[in-house]
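Converting from the sequence shown to the working numbering requires adding 1 to each position, the first position being numbered 1. What follows is a short report on a single structure.
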Amino acid sequence: MKTKDYLEDLKGKSSEDLQNDLVDAKKELFNLRFQNATNQLDNTARIREVRKNIARIQTVITLKAKEA
Numbered sequence: 002m003k004t005k006d007y008l009e010d011l012k013g014k015s016s017e018d019l020q021n022d023l024v025d026a027k028k029e030l031f032n033l034r035f036q037n038a039t040n041q042l043d044n045t046a047r048i049r050e051v052r053k054n055i056a057r058i059q060t061v062i063t064l065k066a067k068e069a
């Protein structure tokens, strides 16, 4: 998914959905780090991508909180 499409998707979600997405992304990041430590991870670029997605989700959460 392209970044702009992903951001538009995030902006359309409710705060509760964003919190759930954030939890899921953090779990995925933990699993990726664990796989990397045990040399089972093939695509190491996925770690960076997930970290950026976490930051995007947190940014949208902050923007929604400021609007309210």
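Ideal placement from N, C-alpha and C gives every residue a C-beta, glycine not left out. Note that this is a predicted model, so its numbers are computed, not measured.
Report all residues from its chain with a CB closer than 8 Å to the CB of residue 59; omit the five preceding and five following residues, and keep chain order.
Numbered from 1 along the sequence shown, position 58 holds the residue referred to as residue 59. 23, listed in sequence order.
Around the Cβ of residue 66, are there at least 16 other Cβ atoms within 10 angstroms (buried) or fewer (exposed)?
Start at 1 with the first residue of the sequence shown, and residue 66 comes out as number 65. Around the Cβ of residue 66, a 10 Å sphere holds fewer than 16 other Cβ atoms; the residue is exposed.
By Cβ distance below 7 Å, which residues in the same chain neighbour residue 54 in space, the five residues on each side in sequence not counted?
Along the sequence shown, one-based indexing puts residue 54 at 53. For residue 54, where only same-chain residues beyond five positions count, the Cβ hits under 7 Å are 26.
Which class does residue 3 belong to by DSSP, given the choice of helix, strand or coil?
Counted from its first residue, the sequence shown places residue 3 at position 2. Reduced to three states, the DSSP call for residue 3 is coil.
Please classify residue 11 as buried or exposed, where buried requires at least 16 other C-beta atoms within 10 Å of its C-beta.
Reading the sequence shown from its first residue, position 10 is the one you call residue 11. Residue 11 is buried by the Cβ-count criterion.
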